[in-house]
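Working notes, structure below.
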Amino acid sequence: MDRHRLQELLEGVREGRIDVSAGLAALETLPFVALEHTHIDTHRELRCGFPEVIFGEGKSPGELVEIAQSVVTLHRRVLATRVDEQRASALLEALPNAVHHERARMVSVGMPSANDGEGSVLVVSAGTSDGPVAEEALLTARMMGARTDAMFDVGVAGIHRLLDQSERLREANVVIVVAGMEGALASVVGGLVRQPLIAVPTSVGYGASFGGIAALLAMLNSCAAGVTVVNIDNGFGAGTSAARINALATSSRAPRRSPALS
471 MDRHRLQELL EGVREGRIDV SAGLAALETL PFVALEHTHI DTHRELRCGF
521 PEVIFGEGKS PGELVEIAQS VVTLHRRVLA TRVDEQRASA LLEALPNAVH
571 HERARMVSVG MPSANDGEGS VLVVSAGTSD GPVAEEALLT ARMMGARTDA
621 MFDVGVAGIH RLLDQSERLR EANVVIVVAG MEGALASVVG GLVRQPLIAV
671 PTSVGYGASF GGIAALLAML NSCAAGVTVV NIDNGFGAGT SAARINALAT
721 SSRAPRRSPA LS
């Protein structure tokens, strides 16, 4: 139930197009749906702008399917993250319109195309090995209404690859930087742009990278002002934040109506 559908429902009851009993039936699932194993937050879209996203790890295929089916019934779309092959196969079998984004380890119903959204979120990754996390961020932002673009494999080991596309950095409303190893790319990009920058450390690297802790600490200690950092490998968190910032930037640029003359 989103704000638009709730408004339509209430106006329908007021105008007599929907009887009271039908209106009550539509509201029965507010504010949550109780399954045997899960309480689905049906108010999430109304409060936060997007339905509850399903974290796939730790859920059985059966649980994941039941949750996803409930979310699709309520919201006509769904996004599941950290979905392995077994769980993805179960979702694809149960949901006719589902798409498996293998590299990002996600399954979606209702994913827009890259150019369908508003504003601009740019995802920049240091290396090809950072791709799964970068694509998770990209698809999350896209699912949440942002127009998205990407610059992959432009890390500091060949900085000319990034500088050659610096104009694209400045055109975005929000930039997400995904990097493992020593995580230096976030500081480099942070010194080139004025837009909000969200840094995502990844667990890519050799022993002393400590599973992404080295990149995390480097990004937290960036000398570039305004770098915001999310958890290790948390492309979903970065994509969500970027989409929200992008939505604010887009709405603030909308033309304002002139006051009516009396």
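Numbering of the sequence shown is given in the numbering used here, commencing with residue 471 and proceeding in unit increments.
Note that CB positions come from ideal geometry on N, CA and C, so glycine has one too.
Remember, it's a predicted structure, so these values are computed and weren't measured experimentally.
query	result
Alpha-carbon spacing of ARG612 relative to MET581, whole angstroms	7 Å
Residues that DSSP places opposite PRO671 in a beta bridge	ALA649
Beta carbon of GLN665 nearer than 8 Å to that of ALA642	yes
DSSP-derived helix/strand/coil call for THR610	helix
Where LEU592 sits in the DSSP three-state scheme	strand
Anticipated Cβ contact below 8 Å, HIS570 with ALA560, distance rounded	So it is not a contact: roughly 11 Å between Cβ atoms.
Bounding residues of the beta strand (DSSP E) (the contiguous stretch that carries ARG617)	616-621
When ALA550, GLY482 and ARG475 are compared against ILE524, the one with the closest alpha-carbon	ALA550
Bridge-paired residues (DSSP) for PHE525	THR551
Nearest to ARG547 (by Cα), restricted to the options THR610, SER673 and ALA669	THR610
Nonlocal neighbours in the same chain, by C-beta distance under 7 Å from ASP600, ignoring five residues either side	VAL648, ALA649, GLY650, THR672 and VAL674
Candidates VAL535, LEU633, ILE646 and MET689, of which the one nearest GLU652 by Cα	MET689
Close-in-space but distant-in-sequence residues of the same chain around SER711 (CB under 6 Å, 5 per side omitted)	ILE668
Top-ranked residue by Cα proximity to ASN701, from ALA694, ALA684 and ALA717	ALA684
Expected contact under 8 Å - CB spacing of ASP703 and GLY682 to nearest Å	7 Å
Buried or exposed by the 16-neighbour rule on C-beta atoms within 10 Å, applied to ILE629	exposed
Cβ neighbours of THR598 in the same chain (closer than 6 Å, five flanking residues each side left out)	ASP623
Inter-residue Cα distance where the pair is CYS518 and ARG714	9 Å
N- and C-terminal bounds of the beta strand (DSSP E) containing VAL579	576-579
Sequence-distant residues of its chain with Cβ nearer than 6 Å to ILE446 (five each side left out)	Given that the chain is displayed from residue 471 to residue 732, the structure contains no residue 446 and the question cannot be resolved.
As assigned by DSSP and simplified to three states, the class of VAL697	strand
Beta carbon of VAL626 nearer than 8 Å to that of ALA656	no
HIS545 - DSSP class collapsed to helix/strand/coil	helix
7 Å Cβ shell around VAL483 - same chain, five flanking residues per side excluded	VAL490 and GLY493
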